[in-house]
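Trainee: Chains A and B, in that order, give the protein sequences. Our numbering numbers the first residue of the first sequence as 2 and each following residue consecutively. Our numbering numbers the first residue of the second sequence as 2 and each following residue consecutively. Ideal Cβ placement from N, Cα and C applies to all residues, glycine included. The model shown is predicted, which means the values in this text are computed figures rather than measured ones. There's a structure below that I have some questions on.
Protein chains: 2
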Amino acid sequence: MKDPIPRKTVYRLSLYNRCLEQLGFAGSGTVSSEVLSKIAGVKSPQLRKDLAYCGHVGKRGLGYDVVLLRERLAETLGTSRLPAVVLVGTGNLGSALLRYQEGFAKEGFEITAAFDARPEKRSSDISVPVLPMTELSKFVTERGVKMAILCVPGTAAQSVCNLLLENGIQAILNFAPVILQTPPGVAVNNVNLAIELENLSYFIK
Amino acid sequence: MKDPIPRKTVYRLSLYNRCLEQLGFAGSGTVSSEVLSKIAGVKSPQLRKDLAYCGHVGKRGLGYDVVLLRERLAETLGTSRLPAVVLVGTGNLGSALLRYQEGFAKEGFEITAAFDARPEKRSSDISVPVLPMTELSKFVTERGVKMAILCVPGTAAQSVCNLLLENGIQAILNFAPVILQTPPGVAVNNVNLAIELENLSYFIK
DNA sequence: CTGTGTGAAGGCTTTCACAGCC
DNA sequence: GGCTGTGAAAGCCTTCACACAG
Chain A
2 MKDPIPRKTV YRLSLYNRCL EQLGFAGSGT VSSEVLSKIA GVKSPQLRKD LAYCGHVGKR
62 GLGYDVVLLR ERLAETLGTS RLPAVVLVGT GNLGSALLRY QEGFAKEGFE ITAAFDARPE
122 KRSSDISVPV LPMTELSKFV TERGVKMAIL CVPGTAAQSV CNLLLENGIQ AILNFAPVIL
182 QTPPGVAVNN VNLAIELENL SYFIK
Chain B
2 MKDPIPRKTV YRLSLYNRCL EQLGFAGSGT VSSEVLSKIA GVKSPQLRKD LAYCGHVGKR
62 GLGYDVVLLR ERLAETLGTS RLPAVVLVGT GNLGSALLRY QEGFAKEGFE ITAAFDARPE
122 KRSSDISVPV LPMTELSKFV TERGVKMAIL CVPGTAAQSV CNLLLENGIQ AILNFAPVIL
182 QTPPGVAVNN VNLAIELENL SYFIK
């Protein structure tokens with residue numbers, strides 16, 4: 002309801018969106034908070050409270066209309082028009098993600114270009130243009146790209162990050178094992194596979 | 002101090018470990034909570050409180066001895082002996098991660114084997130043995146593997162997950178875009194790139 | 001005087017319980 | 001009767017402020 006939707010709620014709204022997709026309802030009927038919350042792995046009051054940020058979208062006694070709910074979610078999240086994304090760093094992980102391109106495409110994202118200090122490393126099974134770093138500024142500013150996926154080595158991450166910010170990038174999905182120092186207003190999500198694994202290992206008996 | 006370290010704290014302890022690594026101190030000297038917290042992107046009191054879970058490891062007026070701290074962290078997290086990991090699903094993302102193997106190795110993890118319904122897809126630049134799914138039970142139980150990375154399509158994720166749990170897997174790093182239904186006592190960390198991107202797009206002005 | 005360790009305060013999220021609408 | 005929407009309560013985590021050790 003209130004303007005500033007809590008970070009964690011935004012996260013879960015995306016999640017609910019994916020869960021609805023997964024349900025594969027062909028426009029059919031409604032879901033109850035009970036059912037949907039179970040799929041999403043949260044408690045039902047939480048789901049209801051989260052969805053309340055999208056306005057009164059549920060019907061009491063019935064549940065949530067699937068189609069309507071998805072529309073509202075997309076609207077609230079601003080997912081109707083998905084932003085262009087560039088990827089920087091085509092090493093192991095970077096080119097891996099480029100090969101996974103179709104996975105992103107299915108979810109509505111498209112990597113418009115990739116950049117690397119040594120673009121000739123580009124392998125033949127990658128369909129995205131791989132350009133030298135020197136072209137990054139021009140490309141990003143001309144096309145008004147606002148999001149980037151960062152896959153450079155940790156040692157280069159901060160300086161490449163700075164370069165991105167100078168050219169108007171506002172959100173970064175960071176795979177480099179470094180916490181980026183950024184000014185307020187820039188969104189950074191970190192994905193650190195080593196930490197994920199280490200974290201899991203803690204819970205093994 | 003108390004036995005049950007909060008989940009989020011465990012997470013950050015791993016993070017601090019990585020930050021120390023990044024500092025690259027060759028056994029030299031100490032770090033203050035002020036400095037280390039800045040690198041890790043948290044506030045200094047938080048860092049101190051987190052580190053207090055490792056016992057009295059800091060020296061007042063001096064800071065934290067880097068070597069000692071790393072030892073204590075490894076001890077607390079149980080990272081001294083790192084567990085074996087298997088990867089399931091060698092599609093786009095799965096084989097991408099296998100190619101990234103050396104990235105894991107640098108952080109101390111090793112994928113001991115990969116499994117797929119069609120293992121012949123194995124490409125030549127992957128050094129990890131790729132075995133058919135039918136061998137999974139035997140491999141996992143015989144070697145006592147407790148951790149798995151799950152990269153199968155969403156439609157297969159839950160059933161493969163069940164198979165893993167039946168064979169004694171206790172922790173799963175899940176890349177499938179599905180929330181896995183698991184009994185308590187099993188740890189699951191989800192990595193969903195589409196959600197990360199969607200989430201970031203929300204914060205673009 | 002510097003910098004850790006920590007009780008107490010504060011803020012944010014989750015959970016509960018139930019009123020209200022279909 | 002069923003299920004949403006939501007104030008109130010509880011819980012958890014973060015932040016603060018300061019005592020205290022080196």
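Go ahead and pull the three-state DSSP assignment for Ile6 (chain A).
Mentor: By 1-based counting over the first sequence, the position of residue 6 (chain A) is 5. Reduced to three states, the DSSP call for Ile6 (chain A) is coil.
Trainee: Using Cβ-Cβ distances below 7 Å, what residues of the segment 112-135 of chain B are close to chain A?
Mentor: Hits within the stretch: zero.
Trainee: At a Cβ threshold of 8 Å, is Asn17 (chain A) touching chain B?
Mentor: Stepping through the first sequence from its first residue, residue 17 (chain A) is reached at position 16. Reading the sequence as shown, one finds Tyr at residue 17 (chain A) and not Asn. Taking Cβ atoms only, chain B never reaches closer than 8 Å to Tyr17 (chain A), which makes this a no.
Trainee: Give me, in chain order, the residues of the same chain whose beta-carbon lies closer than 8 Å to that of Gln159 (chain A); leave out the 5 immediate sequence neighbours on both sides.
Mentor: Here residue 159 (chain A) refers to the residue found at position 158 of the first sequence. Cβ within range, chain order: Val179, Leu181 and Gln182.
Trainee: Am I right that Asn18 (chain B) and Arg71 (chain B) are in contact with their C-beta atoms under 8 Å? What's the rounded C-beta distance?
Mentor: Here the question's residue 18 (chain B) lines up with position 17 in the second sequence. Here the question's residue 71 (chain B) lines up with position 70 in the second sequence. Correct: roughly 7 Å between the Cβ atoms.
Trainee: Name the DSSP beta bridge partners of Lys133 (chain B), please?
Mentor: The sequence position of residue 133 (chain B) within the second sequence is 132, counting from 1. Correcting the residue type first, residue 133 (chain B) is Pro in the shown sequence and not Lys. Looking at the DSSP assignment, Pro133 (chain B) forms a beta bridge with B:Asp117.
Trainee: Report all residues from its chain with a CB closer than 6 Å to the CB of Leu146 (chain B); omit the five preceding and five following residues, and keep chain order.
Mentor: As a position in the second sequence, residue 146 (chain B) is number 145, starting the count at 1. Reading off the sequence, residue 146 (chain B) comes out as Val, not Leu. Same-chain partners within the cutoff: Ala85 and Val87.
Trainee: Considering only their Cβ atoms, is the gap separating Ala114 (chain B) from Thr91 (chain B) smaller than 8 Å?
Mentor: Here residue 91 (chain B) is taken as the residue at index 90 of the second sequence, counted from 1. Here residue 114 (chain B) is taken as the residue at index 113 of the second sequence, counted from 1. Cβ distance not < 8 Å, so Thr91 (chain B) and Ala114 (chain B) don't count as in contact.
Trainee: Going by C-alpha to C-alpha distance, which of A:Glu76, A:Glu111 and A:Ala97 sits closest to Asp126 (chain B)?
Mentor: Your numbering for residue 126 (chain B) matches position 125 in the second sequence. Asp126 (chain B) has its Cα closest to that of A:Ala97, out of A:Glu76, A:Glu111 and A:Ala97.
Trainee: Do Phe176 (chain A) and Leu137 (chain A) have their C-beta atoms closer together than 8 Å?
Mentor: Taking the first residue of the first sequence as 1, we reach residue 176 (chain A) at position 175. Taking the first residue of the first sequence as 1, we reach residue 137 (chain A) at position 136. Contact flag unset, no.
Trainee: Three Cβ pairs or more, each shorter than 8 Å: is that satisfied between the segment 29-40 of chain A and the segment 48-62 of chain A?
Mentor: Contact between the segment 29-40 of chain A and the segment 48-62 of chain A is present, because at least three Cβ pairs lie under 8 Å.
Trainee: Report the residue from A:Ile205, A:Val187, A:Lys206 and A:Asn200 whose alpha carbon sits nearest the alpha carbon of Ser202 (chain B).
Mentor: Along the second sequence, one-based indexing puts residue 202 (chain B) at 201. The shortest C-alpha separation from Ser202 (chain B) is found at A:Val187.
Trainee: Bridge partners of Tyr65 (chain B), per DSSP?
Mentor: Taking the first residue of the second sequence as 1, we reach residue 65 (chain B) at position 64. Answer is B:Val32 and B:Gly59.
Trainee: Less than 6 Å between C-beta atoms, sequence neighbours within five positions excluded: which residues of the same chain meet that for Gln47 (chain A)?
Mentor: Against the first sequence, residue 47 (chain A) aligns to sequence position 46. Excluding sequence neighbours, Gln47 (chain A) sits near nothing in its chain.
Trainee: Please go through the same chain and pick out, in chain order, the residues whose beta-carbon is closer than 8 Å to the beta-carbon of Ala41 (chain B), but skip the five residues on each side of it.
Mentor: Locating residue 41 (chain B) in the second sequence gives position 40, counting from the first residue. Same-chain partners within the cutoff: Arg13, Leu16, Tyr17, Cys20 and Leu48.
Trainee: Give a yes or no on whether the C-beta atoms belonging to Ala149 (chain B) and Met134 (chain B) are separated by under 8 Å.
Mentor: As a working note, residue 149 (chain B) is residue 148 in the second sequence. As a working note, residue 134 (chain B) is residue 133 in the second sequence. Cβ atoms of Ala149 (chain B) and Met134 (chain B): not closer than 8 Å.
Trainee: Please state if the CB of Glu197 (chain B) and the CB of Asn190 (chain A) are separated by a distance shorter than 8 Å.
Mentor: Reading the first sequence from its first residue, position 189 is the one you call residue 190 (chain A). Reading the second sequence from its first residue, position 196 is the one you call residue 197 (chain B). Yes; because the gap between Cβ atoms is below 8 Å, this pair is in contact.
Trainee: Asn175 (chain B) by DSSP, collapsed to three states: which one?
Mentor: Position 174 of the second sequence, counting from 1, holds the residue named residue 175 (chain B). Note: Asn175 (chain B) maps to strand in three-state DSSP.
Trainee: Out of B:Gly109, B:Pro184, B:Asn168 and B:Val11, which one is the CA nearest neighbour of Ala195 (chain A)?
Mentor: By one-based count along the first sequence, residue 195 (chain A) stands at place 194. Comparing Cα positions, the closest option is B:Gly109.
Trainee: Between Met2 (chain A) and Cys55 (chain A), what straight-line distance do the alpha-carbon atoms span, to the nearest angstrom?
Mentor: Start at 1 with the first residue of the first sequence, and residue 2 (chain A) comes out as number 1. Start at 1 with the first residue of the first sequence, and residue 55 (chain A) comes out as number 54. Caution applies to Met2 (chain A), whose pLDDT of 45 falls short of 50 and renders its modelled position unreliable; the value that the coordinates give is listed next. Answer to the nearest angstrom: the Cα atoms are 7 Å apart.
Trainee: Which residues bound the beta strand (DSSP E) around Asn193 (chain B)?
Mentor: Locating residue 193 (chain B) in the second sequence gives position 192, counting from the first residue. Note, Asn193 (chain B): premise wrong, no beta strand (DSSP E); not H, not E.
Trainee: Got a sec, what are the start and stop residues for the beta strand (DSSP E) Leu88 (chain B) sits in?
Mentor: Sequence index remark: in the second sequence, residue 88 (chain B) carries index 87 (1-based). That run of the beta strand (DSSP E) goes Val86 to Val89.
Trainee: Would Gln159 (chain B) count as contacting chain A if we go by Cβ distances under 8 Å?
Mentor: In the second sequence, the residue the question calls residue 159 (chain B) occupies position 158. Chain A contact via Cβ: absent.
Trainee: Can you tell me which of B:Ser128, B:Pro120 and B:Glu121 puts its alpha carbon nearest to the alpha carbon of Ile112 (chain B)?
Mentor: Here the question's residue 112 (chain B) lines up with position 111 in the second sequence. Ranking B:Ser128, B:Pro120 and B:Glu121 by Cα distance to Ile112 (chain B) puts B:Ser128 first.
Trainee: Verify whether the separation of the beta carbon atoms of Val131 (chain A) and Gly169 (chain A) is less than 8 Å.
Mentor: Taking the first residue of the first sequence as 1, we reach residue 131 (chain A) at position 130. Taking the first residue of the first sequence as 1, we reach residue 169 (chain A) at position 168. It is not a contact, given that the beta carbons lie outside the stated cut-off.
Trainee: Contact defined as beta carbons within less than 8 Å: I believe Asn193 (chain B) pairs with Glu103 (chain A). What is the distance between those atoms, to the nearest angstrom?
Mentor: Counting from one through the second sequence, the residue named residue 193 (chain B) turns up at place 192. Counting from one through the first sequence, the residue named residue 103 (chain A) turns up at place 102. Asn193 (chain B) to Glu103 (chain A), Cβ: 16 Å. No contact.
Trainee: Helix, strand or coil, according to DSSP, for Ile180 (chain A) in the structure here?
Mentor: Counted from its first residue, the first sequence places residue 180 (chain A) at position 179. Looking at Ile180 (chain A) - three-state DSSP - the assignment turns out to be coil, as it is neither helix nor strand.
Trainee: Is it buried or exposed, Leu63 (chain A), if we count other Cβ atoms within 10 angstroms and call 16 or more buried?
Mentor: Working through the first sequence from its first residue, we reach residue 63 (chain A) at position 62. Answer is exposed; the Cβ neighbour count stays below 16.
Trainee: Would you report the Cα separation of Asn163 (chain B) and Val89 (chain B), rounded to the nearest angstrom?
Mentor: Your numbering for residue 163 (chain B) matches position 162 in the second sequence. Your numbering for residue 89 (chain B) matches position 88 in the second sequence. The alpha-carbon atoms of Asn163 (chain B) and Val89 (chain B) are separated by roughly 13 Å.
Trainee: Could you round the C-beta distance between Ile205 (chain A) and Ala172 (chain B) to whole angstroms and report it? I think they count as a contact, below 8 Å.
Mentor: Against the first sequence, residue 205 (chain A) aligns to sequence position 204. Against the second sequence, residue 172 (chain B) aligns to sequence position 171. That pair is a contact at about 5 Å.
Trainee: Tell me, please, which residues DSSP counts as bridged to Ile150 (chain B).
Mentor: Residue mapping note: residue 150 (chain B) aligns to position 149 of the second sequence, counting from 1. Looking at the DSSP assignment, Ile150 (chain B) forms a beta bridge with B:Leu88 and B:Leu174.
Trainee: Taking the alpha-carbon of Gly79 (chain B) as reference, which of B:Val11, B:Pro184 and B:Leu174 has the nearest alpha-carbon?
Mentor: Counted from its first residue, the second sequence places residue 79 (chain B) at position 78. For the residues B:Val11, B:Pro184 and B:Leu174, the minimum Cα distance to Gly79 (chain B) belongs to B:Val11.
Trainee: Compare the C-alpha of Arg8 (chain B) against each of B:Ser45, B:Asp51, B:Arg73 and B:Val161 and name the closest.
Mentor: Here residue 8 (chain B) corresponds to residue number 7 of the second sequence, with the count starting at 1. Cα-wise, what sits closest to Arg8 (chain B) is B:Asp51.
Trainee: CA-CA distance, Val36 (chain B) and Asp66 (chain B)?
Mentor: The residue labelled residue 36 (chain B) in the question sits at position 35 within the second sequence. The residue labelled residue 66 (chain B) in the question sits at position 65 within the second sequence. Rounded to whole angstroms, Val36 (chain B) to Asp66 (chain B) spans 13 Å at the Cα level.
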